[in-house]
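Q: Top to bottom, those sequences are chains A and B.
Oh and the first sequence: position 12 is 16 in this note's numbering, straight run, nothing missing.
Oh and the second sequence: position 56 is 60 in this note's numbering, straight run, nothing missing.
Quick one: this structure, given as structure tokens, is what I'll be asking you about.
2 protein chains.
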Amino acid sequence: MVQLSSPYKSISFGDDCLLFKQMSKCELDRLSKSARLRVLTKQQYLFTQHAPSDRLYNIVSGVGIMEKVSENGRRQIFTFVYPGDLIGLSNTEKYSYGVKSLSNLTVYEFKRQNLLALAEELPTLGANLREIRSDVTTHTFEHVYLLGQLKAYERVCFMLIQLLNRLPGAKPDKIDLPMTRTDIADYLGLTVETVSRTFSQLKRDGLISITSNNTISILNLESIEDLASTA
Amino acid sequence: MVQLSSPYKSISFGDDCLLFKQMSKCELDRLSKSARLRVLTKQQYLFTQHAPSDRLYNIVSGVGIMEKVSENGRRQIFTFVYPGDLIGLSNTEKYSYGVKSLSNLTVYEFKRQNLLALAEELPTLGANLREIRSDVTTHTFEHVYLLGQLKAYERVCFMLIQLLNRLPGAKPDKIDLPMTRTDIADYLGLTVETVSRTFSQLKRDGLISITSNNTISILNLESIEDLASTA
DNA sequence: CGGTCTGTTGAAAACGATCAATACGTGTGG
DNA sequence: CCACACGTATTGATCGTTTTCAACAGACCG
Chain A
5 MVQLSSPYKS ISFGDDCLLF KQMSKCELDR LSKSARLRVL TKQQYLFTQH APSDRLYNIV
65 SGVGIMEKVS ENGRRQIFTF VYPGDLIGLS NTEKYSYGVK SLSNLTVYEF KRQNLLALAE
125 ELPTLGANLR EIRSDVTTHT FEHVYLLGQL KAYERVCFML IQLLNRLPGA KPDKIDLPMT
185 RTDIADYLGL TVETVSRTFS QLKRDGLISI TSNNTISILN LESIEDLAST A
Chain B
5 MVQLSSPYKS ISFGDDCLLF KQMSKCELDR LSKSARLRVL TKQQYLFTQH APSDRLYNIV
65 SGVGIMEKVS ENGRRQIFTF VYPGDLIGLS NTEKYSYGVK SLSNLTVYEF KRQNLLALAE
125 ELPTLGANLR EIRSDVTTHT FEHVYLLGQL KAYERVCFML IQLLNRLPGA KPDKIDLPMT
185 RTDIADYLGL TVETVSRTFS QLKRDGLISI TSNNTISILN LESIEDLAST A
């Protein structure tokens, strides 16, 4: 663990944060100088759709969603954002999506130009950025495959596996969902009702159990994985 | 126009090619030294899914598809690739998709490490690469929205507008489709039958006309745009 | 001329969406 | 502490869109 000092507060990062991976104390120090810590409570926008996009955010803790809402009210969630994720790499004029917190959310905020300039100087940072971009692309392609090819129940299973891999603290026997059924639906391109029914069906089939509304356990991981498979 | 010499052949690029935009003759010369020209005929793979991914391709001419085929035979087309597009930026070990030509296809092939190294030295190239990545992300998010939120007929209209914007030579009164109905279906997350029926319906409604199987004219651009709108 | 590939059309089935009612959970104020 | 209200989740019934299955038409090629 390395201590990172920011103008606002001190925070520690492990090597699990892709942005800071393998960076020396000295490099981290330079990085932290151009960072600013922002703290959000539930259901606040980090930034909204169409806002000028000159910032870049690194999630420190908490969970959020990246969403697009169209004029006619349809909403698509592009991704859930978790600690370590980097937001705002696209260098467009305006964000084509908004990012909202689902829980308390802590992020490092950078001016994009600053971070990109720094990436030119610090090779490790540059490499990490490429790595992250690559991961985002891979993840988005998986999402495209899910939306284009999978049935409702396959999508739900896929999401469970994804939560297992990405949601901090999630284990097969206890997944605490930070998102609502509507969020899940808008991520999977389904309706709330279909998501709810699918959960009920998986419960009836003995593959999962739902203790509280927001707590799911996977009883038969192998079956869920099979249903979720995109290989 | 600038003449680019390669070990194999000489080709000219305009500023419309994002990768070469705004680069000096000298820079272009260095670039071309690490490029190799590859020429494919119809229905050939530039590379297949799971092939080791150490190359990067810049489309010179022709059209192709980037596709993923799963073990159970479902196919999703991630994108159609057009002149100027860059393929293989993700730095994964293996390609998670294959790229196949639909027409004759000419590409510049780079070793990824070479091009990335060069991008460190040539700031314009680095900026162009970031620009391209950004465009790809934007485009992929649009695709996610399409698959998650749009009805079949909206998807088809969206694709027509996209062809208009991206397919070289496409004009509202004459779009020559290089892809089959099945390709369109697999891109839009629909079946061939649904795509065919949707075309027929748009024809009946007087919005398009189909002269030959592969030639479509848009008769009422405004309506098509309205139906395709994702704003 | 027959064969294959691609596209279209029809009928039926299935899946997911929509509409509507009900249950559950949490927090507030009486 | 209970009653109530509000937001969220579940369930049921019905509807509509898209898929599936099947037949056929047209283009291209040997």
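We put the CB at the ideal spot given by N, CA and C, even for glycine.
For a quick check, are the C-beta atoms of glutamate 135 of chain B and leucine 41 of chain B less than 8 angstroms apart?
A: no
Q: Are the C-beta atoms of glutamine 55 of chain A and some chain B residue less than 8 angstroms apart?
A: Reading the sequence as shown, one finds alanine at residue 55 of chain A and not glutamine. Not an interface residue.
Q: Going by alpha carbons, who is nearest to proline 127 of chain A out of A/Leu167, A/Leu194, A/Glu31, A/Gln80?
A: A/Glu31
Q: My understanding is that proline 182 of chain A touches serine 107 of chain A, with C-beta atoms under 8 angstroms, so please give their C-beta distance in whole angstroms.
A: 5 angstroms
Q: Check this for me: beta carbons of tyrosine 157 of chain B and leucine 231 of chain B, under 8 angstroms apart or not?
A: yes
Q: Have a look at B/Ile63, B/Ala131, B/Met70 and flag the residue whose alpha-carbon is nearest the alpha-carbon of isoleucine 81 of chain B.
A: If we check each option's Cα against that of isoleucine 81 of chain B, B/Met70 comes out closest.
Q: Considering just the uninterrupted stretch of the alpha helix (DSSP H) at asparagine 62 of chain B, what are its terminal residues?
A: Not the alpha helix (DSSP H): asparagine 62 of chain B falls in the beta strand (DSSP E), residues 59 to 65.
Q: Are the beta-carbon atoms belonging to isoleucine 214 of chain B and leucine 164 of chain B less than 8 angstroms from one another?
A: no
Q: Any chance the segment 170 to 178 of chain A sits against the segment 91 to 107 of chain A, with 3 or more Cβ pairs inside 8 angstroms?
A: Here the segment 170 to 178 of chain A makes no contact with the segment 91 to 107 of chain A; the two share fewer than three CB pairs at distances below 8 angstroms.
Q: Exposed or buried, which one is lysine 46 of chain B when buried takes at least 16 other CB atoms within 10 Å?
A: exposed
Q: Mind checking whether valine 148 of chain B and leucine 151 of chain A have CB atoms under 8 angstroms apart?
A: yes
Q: Rounded to a whole number of angstroms, what is the C-alpha to C-alpha distance between leucine 3 of chain A and leucine 211 of chain A?
A: Residue 3 of chain A falls outside the range modelled here, since chain A spans only 5 to 235, and no answer is possible.
Q: Only counting runs of 3 or more residues, tell me where the beta strand (DSSP E) segments fall wholly within the segment 60 to 136 of chain B, in order along the chain.
A: 68 to 73, 79 to 85, 102 to 105, 109 to 115
Q: Using the C-alpha atoms, what's the distance from isoleucine 188 of chain A back to aspartate 209 of chain A?
A: 21 angstroms
Q: For chain A, check one thing: does any of its Cβ atoms lie closer than 8 angstroms to the Cβ of threonine 142 of chain B?
A: yes
Q: Return helix, strand or coil for alanine 156 of chain B, following the three-state DSSP convention.
A: helix
Q: What is the rounded straight-line gap between the Cα of arginine 159 of chain B and the Cα of threonine 142 of chain B?
A: 17 angstroms
Q: Going by C-alpha distance, which of A/Leu109, A/Gly77, A/Asn76, A/Leu194 is nearest valine 237 of chain A?
A: This structure gives no information on residue 237 of chain A, because the portion of chain A shown stretches from 5 to 235.
Q: Beta strand (DSSP E) containing threonine 219 of chain B: first to last residue?
A: 219 to 222
Q: Which same chain residues end up closer than 8 angstroms to arginine 79 of chain A when comparing Cβ atoms and leaving out the 5 residues on each side of it in sequence?
A: Glu71, Lys72, Val73, Asp190
Q: Please tell me whether asparagine 95 of chain B has its Cβ less than 8 angstroms away from any Cβ of chain A.
A: yes
Q: Determine whether the beta carbon atoms of arginine 116 of chain A and aspartate 58 of chain A lie at a separation below 8 angstroms.
A: yes
Q: Name the chain B residues that come within less than 8 angstroms of valine 148 of chain A, Cβ to Cβ?
A: Within 8 angstroms Cβ-Cβ: Gln80, Phe82, Thr144, His147, Val148, Leu151.
Q: So with CB distances below 7 angstroms, who are the chain A contacts of arginine 137 of chain B?
A: Arg137
Q: Determine the DSSP secondary structure at serine 227 of chain A, reduced to helix, strand or coil.
A: helix
Q: Which ranges would you report for the beta strand (DSSP E) in the segment 20 to 46 of chain A if only whole runs of at least 3 residues count?
A: The segment 20 to 46 of chain A is shown to contain whole beta strand (DSSP E) runs of 3 or more residues at 39 to 44, in chain order.
Q: Following the continuous beta strand (DSSP E) through leucine 50 of chain B, name the residue where it begins and the one where it ends.
A: 49 to 51
Q: Which residues, in order along the segment 190 to 206 of chain A, keep a beta-carbon less than 9 angstroms from a beta-carbon of chain B?
A: Listed in sequence order: Asp190, Tyr191, Leu192, Gly193, Leu194.
Q: If you run the structure through DSSP and keep just helix, strand and coil, what is glycine 193 of chain B?
A: coil
Q: Would you mind reading off the limits of the beta strand (DSSP E) that contains serine 213 of chain B?
A: 212 to 214
Q: Identify each residue in the segment 25 to 55 of chain A for which the Cβ-Cβ distance to at least one residue of chain B is less than 9 angstroms, and report them in chain order.
A: So nothing in the stretch comes that close.
Q: Using a Cβ-Cβ cut-off of 8 angstroms, state whether glutamate 226 of chain A counts as contacting chain B.
A: no
Q: To which residues of the same chain is asparagine 224 of chain B closer than 7 angstroms at the C-beta, ignoring the five residues directly before and after it?
A: Gly210, Leu211
Q: Would you mind giving the Cβ-Cβ distance between asparagine 237 of chain A and leucine 93 of chain A, rounded to the nearest angstrom? I have them listed as a contact below 8 angstroms.
A: Nothing about residue 237 of chain A can be reported from this structure: the residues present for chain A run from 5 to 235 only.
Q: Can you find a C-beta in chain B that's less than 8 angstroms from the C-beta of lysine 72 of chain A?
A: Interface flag for lysine 72 of chain A against chain B is set, since a Cβ pair is found closer than 8 angstroms.
Q: Can you tell me whether aspartate 180 of chain A is helix, strand or coil according to DSSP?
A: strand
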